[in-house]
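Engineer: Residue numbers (this note's numbering): 23 to 87.
Here it is, written out as structure tokens:
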């Protein structure tokens with residue numbers, strides 16, 4: 023089995039968590055707890071573009087306190 027995250031022809035989500043961090047996620051795998059869909063399902067490129075545009079600061083939104 024190939025890595026579903028590398029499937030250039032697959033369908034993906036751009037996920038976001040409570041810290042405003044993003045993740046590329048294959049549609050065929052259940053969205054993990056603590057994450058929600060910000061974009062998609064869509065092609066890999068579209069999801070990566072969404073992440074690049076919206077995730078401009080990779081630091082967590084919360085300070086951990």
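We treat Cβ as the ideally placed atom computed from N, Cα and C, and that holds for glycine.
For residue 55, I'd like the list of residues in its chain whose CB is within less than 8 Å of its CB, leaving aside the five on either flank, ordered along the chain.
Structural biologist: Reading the chain shown from its first residue, position 33 is the one you call residue 55. Correct list: empty, nothing qualifies.
Engineer: Apart from the five residues on each side of it in sequence, which residues of its chain come closer than 7 Å, Cβ to Cβ, to residue 47?
Structural biologist: The residue given as residue 47 occupies position 25 in the chain shown. Here the set comprises 34, 35, 37 and 53.
Engineer: Closest by CA to residue 29, which one among 49, 78 and 71?
Structural biologist: Here residue 29 corresponds to residue number 7 of the chain shown, with the count starting at 1. That would be 49, whose Cα lies nearest to the Cα of residue 29.
Engineer: Look at the alpha carbon of residue 45 and the alpha carbon of residue 75, and state the distance between them as a whole number of angstroms.
Structural biologist: On the chain shown, residue 45 is found 23 positions in, with the first residue counted as 1. On the chain shown, residue 75 is found 53 positions in, with the first residue counted as 1. Using only the alpha carbons, I get a separation of about 13 Å.
Engineer: According to DSSP, is residue 38 helix, strand or coil?
Structural biologist: Taking the chain shown and counting its residues from 1, the one referred to as residue 38 is at position 16. In this structure, residue 38 counts as strand in the three-state DSSP scheme.
Engineer: Ends of the alpha helix (DSSP H) at residue 24?
Structural biologist: Position 2 of the chain shown, counting from 1, holds the residue named residue 24. Premise fails: residue 24 is in no alpha helix (DSSP H) and is neither H nor E.
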